[in-house]
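Chains as they are written, first to last, in this note's numbering: chain A, 1 to 114; chain B, 1001 to 1113.
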């Protein structure tokens, strides 16, 4: 049973471009969380999604960031018009049930904005 | 009120020694306290977790001590090994809510041979 799969592992974007980060949860998991880790810092919650629904987006920046988890396919974290401050590691975690806090993390996507 | 404060920021321990990492929280509504281990270039992996109705939980060489009245919890790694060298994060969540995790700032542990 494959774990949480994130791709790409590394992504380089120029300022102003769009970044799309993908997350395929563990098989059978329908709850996805996105976290951002800035260099030398802990992980910060961004958004919690269930299939086709955004449940909690309290950690998402108000502009340029969006997330979705469609009925079919991976969850996508989209960053429009990237800036240097968006450079970070973005981690996705999935869990089996609502309010099940045993969340399993992917290996992350390291975004570098040049 | 949703912060989790972790200390120390870095820790160096000799092989065979005890590594102790501390965390403190303010929000008494937190009801789930996990510890994660992260190796460079990898995602965090759940190490051990505790709920506030228990004062201590032990799994192998890893022990969580939980002090509800002081709103503090700590990770003890007994007989520390070089392979334990990693970054450790404490976290807290409202398990009965969305389950989102509030992480501490992390502790980089180096175990010297």
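No residue lacks a Cβ here, since even glycine has one placed at the ideal position from N, Cα and C.
Alpha-carbon spacing of residue i relative to residue j, whole angstroms
{"i": "residue 28/A", "j": "residue 1026/B", "result": "35 Å"}
{"i": "residue 51/A", "j": "residue 61/A", "result": "21 Å"}
{"i": "residue 91/A", "j": "residue 1052/B", "result": "27 Å"}
{"i": "residue 1085/B", "j": "residue 112/A", "result": "26 Å"}
{"i": "residue 1097/B", "j": "residue 1031/B", "result": "10 Å"}
{"i": "residue 46/A", "j": "residue 33/A", "result": "7 Å"}
{"i": "residue 89/A", "j": "residue 1039/B", "result": "13 Å"}
{"i": "residue 1112/B", "j": "residue 71/A", "result": "48 Å"}
{"i": "residue 1087/B", "j": "residue 53/A", "result": "33 Å"}
{"i": "residue 108/A", "j": "residue 77/A", "result": "12 Å"}
{"i": "residue 1035/B", "j": "residue 1080/B", "result": "16 Å"}
{"i": "residue 65/A", "j": "residue 80/A", "result": "6 Å"}
{"i": "residue 1067/B", "j": "residue 5/A", "result": "36 Å"}
{"i": "residue 1073/B", "j": "residue 1033/B", "result": "8 Å"}
Close Cβ partners of residue i (< 6 Å) along its chain, the five nearest in sequence each way excluded
{"i": "residue 1063/B", "result": "1076"}
{"i": "residue 7/A", "result": "22"}
{"i": "residue 1010/B", "result": "1108"}
{"i": "residue 1057/B", "result": "1050, 1064"}
Identified DSSP bridge partners for residue i
{"i": "residue 1027/B", "result": "Per DSSP, none; premise fails for residue 1027/B."}
{"i": "residue 5/A", "result": "24/A"}
{"i": "residue 1091/B", "result": "1103/B"}
{"i": "residue 56/A", "result": "48/A"}
{"i": "residue 943/B", "result": "Summary: the structure shown does not reach residue 943/B, with chain B confined to residues 1001 through 1113, and so no result is reported for it."}
Residues near residue i by beta carbon distance below 7 Å, same chain, minus five either side
{"i": "residue 12/A", "result": "112, 114"}
{"i": "residue 30/A", "result": "50, 51"}
{"i": "residue 1014/B", "result": "1112"}
{"i": "residue 1122/B", "result": "What the structure shows of chain B is the stretch from 1001 to 1113, and residue 1122/B is not part of that stretch, so it cannot be assessed."}
Beta-carbon proximity list for residue i, same chain, < 8 Å, skipping 5 on both sides
{"i": "residue 1104/B", "result": "1004, 1005, 1006, 1023, 1089, 1090, 1091"}
{"i": "residue 44/A", "result": "35, 36, 37, 38, 59"}
{"i": "residue 57/A", "result": "46, 47, 48, 67"}
Worksheet entry | Near-chain A residues of the region 1035-1057 of chain B (beta-carbon distance less than 9 Å), N- to C-terminal order | 1036, 1038, 1041, 1042, 1043, 1044, 1045, 1046, 1049
Practice prompt. Check each residue of the region 1094-1110 of chain B: if its Cβ is closer than 8 Å to any Cβ of chain E, include it; give the result in chain order.
Written response: The chain inventory of the structure shown lacks chain E, comprising the protein chains A and B.
Worksheet item: Listed in chain order, which residues of the region 1074-1091 of chain B have Cβ atoms closer than 7 Å to some Cβ of chain A?
Response: 1089
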